[in-house]
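Novice: Which chain is which? The protein sequence lines are R and L, in order.
Going left to right, the first sequence walks through residues 1 to 319 as this note's numbering numbers them.
Going left to right, the second sequence walks through residues 320 to 638 as this note's numbering numbers them.
For every residue, glycine included, the Cβ atom is placed at its ideal position computed from N, Cα and C.
If you're wondering where the values come from, they're calculated on a predicted model, not measured in any experiment.
Protein chains: 2
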Amino acid sequence: MADHYILTGCAGFIGSNLADRLLSQGHRITGIDNFSTGQRRFLESALKHPAFRLVECDLQDLQALIPAFAGGNIVLHLAANADVRFGTEHPRRDLEQNTIATYNVLEAMRANGLRRIGFSSTGSVYGESAVIPTPEDAPFPVQTSLYGASKLAGEGLIAAYCEGFGFQSWIFRFVSILGERYTHGHVFDFYKQLKADPSRLSVLGDGKQRKSYLHVQDCIDAIQIAVSNATEKVNVLNLGVDGYCELNESIGWIAEALGVRPRLQYAGGARGWIGDNPFIFLDTRKMRALGWSPKHTIREGVIKTVEFLRTNEWVMETR
Amino acid sequence: MADHYILTGCAGFIGSNLADRLLSQGHRITGIDNFSTGQRRFLESALKHPAFRLVECDLQDLQALIPAFAGGNIVLHLAANADVRFGTEHPRRDLEQNTIATYNVLEAMRANGLRRIGFSSTGSVYGESAVIPTPEDAPFPVQTSLYGASKLAGEGLIAAYCEGFGFQSWIFRFVSILGERYTHGHVFDFYKQLKADPSRLSVLGDGKQRKSYLHVQDCIDAIQIAVSNATEKVNVLNLGVDGYCELNESIGWIAEALGVRPRLQYAGGARGWIGDNPFIFLDTRKMRALGWSPKHTIREGVIKTVEFLRTNEWVMETR
Numbered sequence: 001m002a003d004h005y006i007l008t009g010c011a012g013f014i015g016s017n018l019a020d021r022l023l024s025q026g027h028r029i030t031g032i033d034n035f036s037t038g039q040r041r042f043l044e045s046a047l048k049h050p051a052f053r054l055v056e057c058d059l060q061d062l063q064a065l066i067p068a069f070a071g072g073n074i075v076l077h078l079a080a081n082a083d084v085r086f087g088t089e090h091p092r093r094d095l096e097q098n099t100i101a102t103y104n105v106l107e108a109m110r111a112n113g114l115r116r117i118g119f120s121s122t123g124s125v126y127g128e129s130a131v132i133p134t135p136e137d138a139p140f141p142v143q144t145s146l147y148g149a150s151k152l153a154g155e156g157l158i159a160a161y162c163e164g165f166g167f168q169s170w171i172f173r174f175v176s177i178l179g180e181r182y183t184h185g186h187v188f189d190f191y192k193q194l195k196a197d198p199s200r201l202s203v204l205g206d207g208k209q210r211k212s213y214l215h216v217q218d219c220i221d222a223i224q225i226a227v228s229n230a231t232e233k234v235n236v237l238n239l240g241v242d243g244y245c246e247l248n249e250s251i252g253w254i255a256e257a258l259g260v261r262p263r264l265q266y267a268g269g270a271r272g273w274i275g276d277n278p279f280i281f282l283d284t285r286k287m288r289a290l291g292w293s294p295k296h297t298i299r300e301g302v303i304k305t306v307e308f309l310r311t312n313e314w315v316m317e318t319r
Numbered sequence: 320m321a322d323h324y325i326l327t328g329c330a331g332f333i334g335s336n337l338a339d340r341l342l343s344q345g346h347r348i349t350g351i352d353n354f355s356t357g358q359r360r361f362l363e364s365a366l367k368h369p370a371f372r373l374v375e376c377d378l379q380d381l382q383a384l385i386p387a388f389a390g391g392n393i394v395l396h397l398a399a400n401a402d403v404r405f406g407t408e409h410p411r412r413d414l415e416q417n418t419i420a421t422y423n424v425l426e427a428m429r430a431n432g433l434r435r436i437g438f439s440s441t442g443s444v445y446g447e448s449a450v451i452p453t454p455e456d457a458p459f460p461v462q463t464s465l466y467g468a469s470k471l472a473g474e475g476l477i478a479a480y481c482e483g484f485g486f487q488s489w490i491f492r493f494v495s496i497l498g499e500r501y502t503h504g505h506v507f508d509f510y511k512q513l514k515a516d517p518s519r520l521s522v523l524g525d526g527k528q529r530k531s532y533l534h535v536q537d538c539i540d541a542i543q544i545a546v547s548n549a550t551e552k553v554n555v556l557n558l559g560v561d562g563y564c565e566l567n568e569s570i571g572w573i574a575e576a577l578g579v580r581p582r583l584q585y586a587g588g589a590r591g592w593i594g595d596n597p598f599i600f601l602d603t604r605k606m607r608a609l610g611w612s613p614k615h616t617i618r619e620g621v622i623k624t625v626e627f628l629r630t631n632e633w634v635m636e637t638r
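1. Can you confirm whether Y422/L, when its beta carbon is compared against all beta carbons of chain R, has any partner nearer than 8 angstroms?
2. Given a cut-off of 8 angstroms on the beta-carbon distance, is the pair F119/R and E155/R in contact?
3. Identify every run of the beta strand (DSSP E) within the region 165-221 of chain R, keeping only runs that are complete inside it and at least 3 residues long; order them along the chain.
4. At 9 angstroms on the CB atoms, spell out the chain A contacts of V560/L, in chain order.
5. Return the CA-CA distance between A51/R and C481/L, expressed in angstroms with no decimal places.
6. Please decide whether V234/R counts as near chain L, where near means a Cβ-Cβ distance under 8 angstroms.
7. In chain L, what lies closer than 7 angstroms to V84/R by C-beta?
8. In chain order, what residues of the same chain lie with their CB nearer than 6 angstroms to the CB of D3/R, ignoring the 5 residues before and after it?
9. Please report the distance separating the alpha-carbon of G644/L from that of V494/L.
10. Residue range of the alpha helix (DSSP H) that L22/R falls in?
11. Can you list, in chain order, the residues of its chain whose CB lies under 7 angstroms from that of A469/L, leaving out five sequence neighbours each side?
12. Consider the Cβ of Q63/R: report whether some Cβ of chain L lies at a distance smaller than 8 angstroms.
13. Taking the straight line between their C-alpha atoms, what separation do you get for P262/R and R200/R?
14. Classify Q217/R as buried or exposed, calling it buried when 16 or more other Cβ atoms lie within 10 Å of its own Cβ.
15. When DSSP labels each residue in this structure, what does L65/R get in the three-state scheme?
16. Pull up the distance between the alpha-carbon of I490/L and that of G442/L, whole angstroms please.
17. Can you tell me which of the three DSSP states I570/L falls into?
18. Hey, could you find the ends of the beta strand (DSSP E) I117/R is sitting in?
19. Identify the contact partners of F165/R in chain L, using a Cβ-Cβ distance below 7 angstroms as the criterion.
20. Looking at C-alpha atoms only, which residue of T37/R, N81/R and I32/R is the closest neighbour of M316/R?
21. Restricting to Cα atoms, I'd like to know which of G252/R, Y126/R and W292/R is closest to V322/R.
22. DSSP has E246/R in a bridge; who is on the other side?
23. So what's D94/R in DSSP terms, helix, strand or just coil?
24. Output needed for G291/R: all residues of its chain with C-beta closer than 8 angstroms, excluding positions within five of it in sequence on either side, in chain order.
25. Between G475/L and chain R, is the shortest Cβ-Cβ distance under 8 angstroms, so that the two count as touching?
26. Would you kindly report the start and end of the unbroken beta strand (DSSP E) that includes T8/R?
See below:
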């Protein structure tokens, strides 16, 4: 059955990929973006589709959101400040764009009688978990980043609306996502550096950080399977591959794909930045039990991302 | 050594008791309150003390907070919308008064170089925990109230400021607090009803809700002991007595203290309201290991509260 999705962050990395997928399946979309980090070029195909309507507005503006949500029957709330690294330089940004924006989305839903919401949260809400791989019911975490704290606040609001107003939710705790339309993160930074000077690469931390990554198409598969198959009032689901890589391995794949052999200059320390978690690996058994499994390895995700950047160097100029 | 405390919510139930205690110990206080629920009469004694300064302002107003925090060396942030029961009637209130207010407090601290903060969180952040008595590292909870969600968001912000800006924090997850200057909650509601008509009492839920309570002076003892003795960067501490009572027991103590025998009319259901947790009992071993133990039983707390209300019926008129 065709649904009418309200898709926030529709011009973003994950949002625009999701828009293309949903349109190809025959759904209608009202896409919302303020183009603060979203890219109009990512919507080139969607904007030509008759079932896609773009509403250019800011999630801080509840009065604009309320009419925009009219007619929808499910919300996928992907809009966010996704910049975990520079949170301490502008702490208000996470509060506004992740916490208050989520509140406004919930209120716009309530005003329109919408009750189903999928939300892009993050594995960063686990802080530095003592339990790895980290399951959804890991011990009550201590936050280590403003980004994680702001997403945790968004999760809490959504769950409270489920209890208080009869909403149903799917809260996805992502590892880092890779793939086509990727516009920030370590592959982006390294590509940019190596393009400027292929002979050397500055690396934050000691290169031994262990991280997990997921390809954007696998991420989208998971969102769709969860919304179809997970039937609790509040469904909290980790998304990631069943493993991790060391940052140094990823550097090797990037260099290999680009045919370069840079000298590596490490900033040192276990963490790349304040609040960086040196070991991220999520337990995804709950999501797998719903019938999902990722089709790409981390290595494939990294290489596809390099290929995307190579053929879309314009994204380097957008930040 | 005398400290200069910045005390938000200084005219509130816990805040005003804490103000009197700190002044009696020779500390200086800058007390902040907007008197939305705080009572000027609770500050009668403090306002006569030369070491107490009152700043009447709203925590939504960061520009007013910044000069108010000047000269302090520790913040005790008690101001809050403490009304867990009516959250769904005005969801913005919890977001503003608990989450955004806490952000503003943290920013006012940062602007003044203050780095130590005690925060009144709540056992409601555990939602309906499967582990009872509930320890601080209980499984990652699902929020069931806007109040709990807004306090969880405040906790997250504080912890992220500890990591990002070198703050130190003491986060207290309270059970319900009872005692002198108590102005809302079940003892207040029942007293008010029985004063109007001693022959009957309307009870939310089935009366079998199991709750834990702590006397305000025991709560203040704990705050002071924790700030002195707990030395982690982020100290999360449950506060409560080592037990619980059934709501029906509490009703019996109240009726006995008032010398009435009301007919009980139950609304029915396990929960008193949307998001009510029918069984709250916190594991307080972490706090006890710091050298604290409560001096009052729940029964004593209830009876002292009834005595306070009997001799201060004016508080009934304030809500």
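Specialist: In this structure, then:
1. For Y422/L, the answer is yes, since a Cβ of chain R falls inside 8 angstroms of its Cβ.
2. Yes; because the gap between Cβ atoms is below 8 angstroms, this pair is in contact.
3. List check, beta strand (DSSP E) in window: 168-174, 176-178, 200-203 and 213-215.
4. The displayed structure is made up of protein chains R and L, and chain A is not among them.
5. Their backbone Cα atoms lie some 47 angstroms apart in a straight line.
6. It does: the Cβ of V234/R has a partner Cβ on chain L nearer than 8 angstroms.
7. In chain order: nothing, as chain L lies at least about 11 angstroms away.
8. These residues qualify, in order along the chain: H27, N73 and I74.
9. No answer is possible for residue 644/L: the residues shown for chain L start at 320 and end at 638.
10. Start and end: F13 to S24.
11. Looking at the sequence itself, residue 469/L is Ser, so the reference to Ala does not match. Excluding sequence neighbours, S469/L sits near D413, L414, N417 and T418.
12. With 8 angstroms as the cut-off, Q63/R does not count as an interface residue toward chain L.
13. Here the C-alpha atom of P262/R lies approximately 4 angstroms from the C-alpha atom of R200/R.
14. Counting Cβ neighbours within 10 Å, Q217/R comes out buried, since at least 16 surround it.
15. DSSP places L65/R in helix when its eight states are reduced to three.
16. C-alpha separation (whole angstroms): 11 angstroms.
17. Shown here, I570/L sits in a helix according to DSSP, grouped into three states.
18. Taken as a continuous stretch (DSSP letters only), the beta strand (DSSP E) holding I117/R covers R116 to T122.
19. Correct list: T407.
20. Out of T37/R, N81/R and I32/R, T37/R has the C-alpha closest to the C-alpha of M316/R.
21. Given a span of 1 to 319 for chain R in the structure shown, any question on residue 322/R remains unanswerable.
22. Residue pairing from DSSP places E246/R in a beta bridge opposite R210/R.
23. Correct three-state label for D94/R: helix.
24. Once the five neighbours on either side are set aside, the close Cβ partners of G291/R are I225 and N229.
25. Chain R places a beta carbon closer than 8 angstroms to that of G475/L, counting this residue as a contact.
26. Judged by DSSP secondary structure, T8/R falls within the beta strand (DSSP E) whose first and last residues are H4 to T8.
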